[in-house]
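This report concerns only the one structure given below.
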Amino acid sequence: MKAKLTSLVLAAAMMMSLIGCEARETNSGNVQQSSSSKQKVVVVVVDKKTKAPVKDAKVYVVGNETAYITDEMGKTKEIEVDLNKGYFERYSDEVKKIIRSGFLSIVVVKEGYGKHLEMDYCIYPGSSISIVKAEISSGTKHTVNYNKPDVSYIENLVKSYEKYEGQGNNAGSMVKYKIAVKDQNNRPLEGVKIVIPEIMMSTKTDKKGLCEFEVPYDKTTNDNYPVKKEYGEITILAYKEGYAFSTVLGAHVKQGGKDNSAQIKMKQSKNFKVDYSLCEPDEEWINLLMNYYK
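Numbering (mature numbering (1 follows the signal peptide of the UniProt record, and there is no 0)), first residue to last: -23 to -1, 1 to 271.
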């Protein structure tokens, strides 16, 4: 099954396409370091159509088996959560040190409504309470909201690997992965540097705009979820002078190697611009996850 995609547009003018993923762009932002990994949150559940609060909904924080029940205002009590920052362990120390935010995923269950997954909600540690809003719909099997990552995280990720050169690490079970890069006129782009941070590897596209390499089939990158994905995930960073940078988050790596490929389009740019895409999980995994929560 091909990965679906979620798009985020945070600045103007760049195109990139990825098999199963759609590209968008970021603005610059300042990042401050934070050592805290805990935060208090309140989840507010509302009817998506009427916007009315939903009472007696069960709210699960992924990684915690406790069901928190919403009151007449659709709110849970204050919940102290451990922010999932393990996602960033795949990256360099430079990236890990400057990431302020963590991820939090929430599942909402209410009779008469479809189950709802609020996936990778961005939470910032601090003294104030974070409010997470979840909209649920009646008459549906389930709904999923894929949240955008911190903009500064994307930009710092790109900057930290811009000058990186490396042969990569053999990380156990390896499978082939192929990338094709073209410009905005659909012509192959030679000499595009591709970096895969998870295995500290860089390579360049040939005259046909192609590169092929081996990546680990590693499912340990999927943190906290009680149901594991049957595929691995990697990050793809693409660099070429005179072009906007391209980033792919969560590109799927399948064990058999079938469909382990991506197509990227890059547009010329004189300024620092980052176009990125977020690949959604397979629907089969979403179904298994939703069935886990009652």
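From the three backbone atoms N, C-alpha and C, an ideal C-beta is built for every residue, glycine too.
Is the Cβ-Cβ distance between residue i and residue j less than 7 Å?
i, j, result
"A157", "G186", "yes"
"A215", "I173", "no"
"T224", "V135", "yes"
"I100", "Q16", "yes"
"M151", "P193", "yes"
"S179", "Y141", "yes"
"V18", "S129", "no"
"K87", "V31", "yes"
"S89", "S115", "Per the sequence shown, residue 89 should be read as Gly rather than Ser. In contact: G89 and S115 (Cβ atoms closer than 7 Å)."
"K73", "F80", "no"
"V21", "G51", "yes"
"E112", "K25", "yes"
"M267", "K54", "no"
For residue i, does the count of other Cβ atoms within 10 angstroms reach 16, so buried, or fall short, so exposed?
i, result
"E132", "buried"
"T43", "exposed"
"V251", "buried"
"K184", "exposed"
Along the chain, where does the beta strand (DSSP E) that runs through residue i open and close?
i, result
"K155", "151 to 160"
"E189", "187 to 193"
"V21", "15 to 24"
"E57", "56 to 59"
"Y253", "251 to 256"
"E112", "107 to 113"
Quick check: the Cα distance between residue i and residue j, rounded to an integer number of angstroms?
i, j, result
"V39", "V23", "19 Å"
"I263", "K118", "11 Å"
"D33", "T47", "5 Å"
"S137", "G209", "23 Å"
"C256", "L226", "6 Å"
"N237", "K153", "7 Å"
"Y123", "N162", "31 Å"
"G103", "S78", "10 Å"
"Y68", "E175", "6 Å"
"A(-1)", "S254", "Summary for A(-1): the model assigns pLDDT 46, below 50, so the residue's position carries little reliability; its value from the coordinates is reported in the next sentence. A(-1) and S254: Cα-Cα distance of roughly 4 Å."
"I171", "T182", "8 Å"
"E189", "E167", "13 Å"
Going by DSSP, what residues sit across from residue i in a beta bridge?
i, result
"residue 272", "Residue coverage of the chain in this structure runs from -23 to 271, which leaves residue 272 outside it and unanswerable."
"M243", "D160"
"P165", "K159"
"G209", "V230"
"L81", "Y98"
"V225", "I213, S254"
"K170", "K181, Y216"
"residue 273", "Outside the displayed span of the chain (-23 to 271) sits residue 273, for which this structure offers no information."
"Y37", "A44, V84"
"Y90", "S115"
"K52", "V21"
"P30", "V23"
Along the chain, where does the alpha helix (DSSP H) containing residue i start, and where does it finish?
i, result
"I267", "The question names Ile, but residue 267 in the sequence shown is Met. Start and end: 260 to 269."
"S137", "128 to 137"
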